Amino acid sequence: MYKVILKIEGASPTELIGELRSGLPPAFYHSSGDAHVFIIEKSYPVFLNIAYYMSLVILEFSSARRCRIRIVSDCGVVYPRLLNDILEIIERICQSHGWQFEELDHEVLK
Numbered sequence: 559m560y561k562v563i564l565k566i567e568g569a570s571p572t573e574l575i576g577e578l579r580s581g582l583p584p585a586f587y588h589s590s591g592d593a594h595v596f597i598i599e600k601s602y603p604v605f606l607n608i609a610y611y612m613s614l615v616i617l618e619f620s621s622a623r624r625c626r627i628r629i630v631s632d633c634g635v636v637y638p639r640l641l642n643d644i645l646e647i648i649e650r651i652c653q654s655h656g657w658q659f660e661e662l663d664h665e666v667l668k
């Protein structure tokens, strides 16, 4: 299991959530208070089997234009494909809008 923490500056909550809803793979979206959660499940072929992975993408806005994103992904240690896809999508969205994107932490959880 992986955990990644990102910081994004320059995006309003409405802009960032809208971009993620259209850019991420199909996801269940839920918001409660200041936290916005995307639950993403996706399958990938791994050798002769299909592996199913799930990620939680949790957005927490500390101000109108500052967001912290926690991504927790049960991608396994060897094959973090969904996590990499999510990070690439978020980075591409930020670059296209000129938002600052920084990875604060990346760790493998037991």
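The C-terminal residue of the sequence shown carries number 668 in the working numbering, and the numbering is unbroken. Cβ atoms here follow ideal geometry from the backbone N, Cα and C, with glycine treated the same way. All figures in this text were calculated on a predicted structure; none of them were measured in a lab.
Check: Segments of 3+ residues assigned as beta strand (DSSP E) that fall wholly inside the segment 593 to 620; Outcome: 593 to 604
Check: Residues near residue 601 by beta carbon distance below 8 Å, same chain, minus five either side; Outcome: 608, 609, 610 and 611
Check: Sub-8 Å separation of residue 568 and residue 623 beta-carbons; Outcome: yes
Check: Test: residue 561 CB closer than 8 Å to a CB of chain C; Outcome: Chain labels in this structure do not include chain C; a single protein chain is all it has.
Check: For residue 648 and residue 655, the rounded distance between their alpha carbons; Outcome: 11 Å
Check: Cutoff 6 Å; reference residue 561; Cβ partners in own chain excluding five residues on either side; Outcome: 630, 665 and 667
Check: Sheet register partners of residue 585 (DSSP bridge); Outcome: 598
Check: Among 570, 588 and 584, nearest to residue 644 - alpha-carbon criterion; Outcome: 584
Check: Residue range of the unbroken beta strand (DSSP E) whose run includes residue 641; Outcome: Element bounds for residue 641: not the beta strand (DSSP E) but the alpha helix (DSSP H), 639 to 655.
Check: Same chain, Cβ closer than 8 Å to residue 620, five either side skipped, listed in chain order; Outcome: 626
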